[in-house]
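**Student:**
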Amino acid sequence: MVELVAVIGASGAQGKSVLKVLSEHPDKYKVRGITRNTGSARVQDLQKLYPAVEWIAADLEDMASILQAFAGVDIVFGNTTYLEPAILQKVDAGDFDAQFRQGKNMVDAAVAQNVKHIVYSTVVSAAEISKGKYTNAYDPEGKAKIKRYIEESPISSYFVYAGFYFQNYLQAGVRIGDKVVFMYPLPPDSKQLYVDIEEDLGNTVELILSDRDKYKGKSIAAGEGYYSGNEVAAAYTRATGIGAEFRFSYIPGFDRPDINSMFDFFAEFDGFSGVDTNEAKQHAHKPFTTLDQFWAKHSDFNP
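Under numbering that gives the first Met the number 0, the very last position in the sequence shown is 302; numbers go up by exactly one each time.
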């Protein structure tokens, strides 16, 4: 039986990865892309690449649209985005549950439409892992709260934790003199779990769906390996021959206490505590992209 999968945020990095991989299995899955603007250039490009995907406009703030989008759906891949301007504006006004409400609407609509399975992309609670040191990292807190809400629902649930994106460095690199400098809000020697989000988030979700009895209720990381910023810069140089270095720097446009606290938490604590960081890499049906392979694909990057 072919199952209908609704992919929330299907034109974004995570949703697009899931859409891409599941579209490779038309004998198992029919993909419905959910996005706020089905007329966007991103969606038009994806329609050309994946003509079998059905597109429906819906917004996690609008319950009626989500109910319509989930009609007849068997599986939901869900992801909520804290860094949306509308969410940040609400947080700045003191509404710290803005992201949670989007997730709650997603779950409530799925329950109402008798969706059988939900795979949610989440993050550990910084407040819980740090024993109260980091309480204002509202993005992880919102996602962790959504995870708990999903666990209380009657839907079979599965949880994926994405590593830091290799792709972030395509925006973080700037040319300074004769070298490329990668600027990111982590200490240069801080090793973090990284993933090629365009490929291997989807591969992780496909693995989960292929063996639901095994992964039901489990927390699985989408990550290829642990690397420091210094190692990312060295791998870039190996691929391009261009000198590079890594420097700590907050993200322009997102230099905010709540975002900075999240990065500080990851630098100090295990941001994947309780999460299996090896399962997907070892058992996915396609090999994960390594750091060197990523830069080989992007060897033309020269800001």
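Cβ atoms here follow ideal geometry from the backbone N, Cα and C, with glycine treated the same way.
Could you tell me the distance, in whole angstroms, from the CA atom of Leu134 to the CA atom of Gly224?
**Tutor:** In the sequence on display, residue 134 carries Thr and not Leu. Their Cα atoms are separated by approximately 28 angstroms.
**Student:** List in chain order: all unbroken alpha helix (DSSP H) runs of 4+ residues lying wholly within the segment 1-74.
**Tutor:** Correct list: 12-21, 40-48, 62-68.
**Student:** Spatial neighbours of Thr37 within its chain, please: C-beta separation below 8 angstroms, excluding the five flanking residues on both sides.
**Tutor:** The answer, listed in chain order, is Trp54, Ile55, Ala56.
**Student:** Give the straight-line distance between the Cα atoms of Tyr28 and Ser22, rounded to the nearest whole angstrom.
**Tutor:** Answer to the nearest angstrom: the Cα atoms are 7 angstroms apart.
**Student:** Please list the segments of the beta strand (DSSP E) lying wholly inside the segment 89-141, counting only runs of 3 or more residues, in order along the chain.
**Tutor:** Counting only runs of 3 or more, we get 116-120.
**Student:** Would you mind reading off the limits of the alpha helix (DSSP H) that contains Ser155?
**Tutor:** Element bounds for Ser155: not the alpha helix (DSSP H) but the beta strand (DSSP E), 155-161.
**Student:** With H, G and I counted as helix, E and B as strand and the rest as coil, what does DSSP make of Arg315?
**Tutor:** Since the displayed the chain opens at 0 and closes at 302, residue 315 lies outside it and no answer follows.
**Student:** Between Asp210 and Ile74, what straight-line distance do the alpha-carbon atoms span, to the nearest angstrom?
**Tutor:** Cα-Cα distance, rounded: 14 angstroms.
**Student:** Apart from the five residues on each side of it in sequence, which residues of its chain come closer than 7 angstroms, Cβ to Cβ, to Pro153?
**Tutor:** Val110.
**Student:** Give me the DSSP bridge partner(s) of Arg246.
**Tutor:** The partner list for Arg246 (beta bridge, DSSP) reads Met182.
**Student:** Is it a yes or a no for the segment 237-248 touching the segment 172-190, going by three-plus beta-carbon pairs under 8 angstroms?
**Tutor:** With a cut-off of 8 angstroms, the segment 172-190 and the segment 237-248 count as touching, because enough Cβ pairs lie within range.
**Student:** Helix, strand or coil for Tyr148? Go by DSSP, reduced to three states.
**Tutor:** Helix.
**Student:** Check the C-beta distance from Asp199 over to Ala221 and give it rounded, since I have them as a contact under 8 angstroms.
**Tutor:** Rounded, the Cβ-Cβ distance is 6 angstroms, consistent with contact.
**Student:** Looking only at DSSP bridge pairs, what is Asp275 linked to?
**Tutor:** In DSSP, Asp275 forms a bridge with Ile219.
**Student:** So what does DSSP say about Phe253, is it helix, strand or coil?
**Tutor:** If DSSP states are grouped into helix, strand and coil, Phe253 belongs with coil.
**Student:** So Ala279 and Thr203 are supposed to be a Cβ contact under 8 angstroms. How far apart are they, rounded?
**Tutor:** With a Cβ gap of about 4 angstroms, Ala279 and Thr203 count as contacting.
**Student:** Relative to the alpha-carbon of Ile207, which residue among Asn167, Arg237, Tyr160, Lys178 has its alpha-carbon at the smallest distance?
**Tutor:** Nearest option by C-alpha distance: Tyr160.
**Student:** Please look up how many angstroms separate the CB atoms of Gln101 and Leu59, rounded, as I've assumed it's under 8 angstroms.
**Tutor:** With 8 angstroms as the limit, Gln101 and Leu59 qualify as a contact, their Cβ atoms being about 4 angstroms apart.
**Student:** Could you work out which residue in Asp107, Tyr81, Tyr226 is closest to Ser120 when comparing CA atoms only?
**Tutor:** Looking at the Cα atoms, Tyr81 is the closest of the given residues.
**Student:** Distance, Cα to Cα, Glu140 vs Ser124?
**Tutor:** So the alpha carbons of these two residues sit roughly 5 angstroms apart.
**Student:** Can you tell me whether Gln191 is buried or exposed? The criterion is at least 16 other CB atoms within 10 Å of its CB, across all chains shown.
**Tutor:** Buried, since its Cβ has 16 or more Cβ neighbours within 10 Å.
**Student:** Once DSSP output is grouped into helix, strand and coil, what is the label at Phe76?
**Tutor:** Strand, per DSSP.
**Student:** Going by CA-CA distance only, name the one from Phe99, Lys115, Glu151 that's closest to Gly71.
**Tutor:** When only C-alpha atoms are compared, the closest one is Lys115.
**Student:** At which residues does the beta strand (DSSP E) containing Gly240 begin and terminate?
**Tutor:** Looking at the DSSP string, Gly240 is not in any beta strand (DSSP E), and its letter there is neither H nor E.
**Student:** In whole angstroms, what is the alpha-carbon distance linking Ile175 and Phe165?
**Tutor:** Taking the straight line joining both Cα atoms gives about 21 angstroms.
**Student:** Gln191 lies in the beta strand (DSSP E); which residues open and close that run?
**Tutor:** That run of the beta strand (DSSP E) goes 191-194.
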